[in-house]
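Each remark here refers to the structure printed beneath this line.
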Amino acid sequence: MTPAIEAILFAAGEPVPAARIAQVLGVQEDEVFACAETMAADYHSRGRGIRLVRIRESLQLCSAPEQADYVLHALEQRRPPRLTQPLMEVLAAVAYFQPVTRAYIEQLRGVDSGYTVNALLERGLIEVCGKLEAPGRPNLYRTTERFLRAAGISDVEQLPPLPEQEPQETAQTPDAVQAEPEAALPEDGGASQ
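Okay, structure coming up:
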């Protein structure tokens, strides 16, 4: 089964649902995941130039992080630009509280976040995942598989816990913030971040 999984993932070049691999191989999905874990451990322990990663319920072959400079140089690609502090703040808000509205992000940060939300959408790190059932039907955002791959995790449940904060008397819960401020905040007003 290992050679078949390896061949499928190599040929695909992108995440492949484990359910699809199981269907093609005529095995159970948990058998595919077990085999993938063994393969991943083998690639890592031997210091191979590839890694097998799990992204939610999919699997993908990718280059080992320690070989990134060689890969980028060989393919004559530039490193993607680093994320700025505002981009990191918005990405963290989406990752930890998803699905969220732009108004919720702006409530957390205290500044207009339209530019940063659009920048993260363009980079494929977040995506629109629906609309909030509230006046104006604002977009809801969540992280993407590209975010998981960049963060080196297979699911957002693997994010480190947020530090404990002392409760503030005027603080609103995420649900209250998501449902209320849409009408009060201007869509494009304020300084962009």
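192 is the number that numbering that gives the first Met the number 0 gives the last residue of the sequence shown; the numbers go up by one with no jumps. We treat Cβ as the ideally placed atom computed from N, Cα and C, and that holds for glycine. In this text, all values refer to a predicted model and were calculated from it rather than measured experimentally.
By DSSP's assignment, Y69 forms no beta bridge with any residue. If you compare the alpha carbons of A102, I125 and Y69 with that of I49, the shortest gap goes to Y69. The C-alpha of L58 lies about 24 Å from the C-alpha of L119. The beta carbon of E126 is closer than 6 Å to those of T143 in its chain, skipping five residues each way along the sequence. In this structure, E13 keeps its C-beta atom at 8 Å or more from the C-beta atom of A21. Going by C-alpha positions, Q157 is about 30 Å away from A133. A distance below 7 Å between beta-carbons, with the five flanking residues on each side excluded, links T1 to the following residues of its chain, in chain order: C34 and M38.
Within the DSSP bridge table, the entry for Q106 names no partner. If you check the CB distance, S112 and E105 come in under 8 Å.
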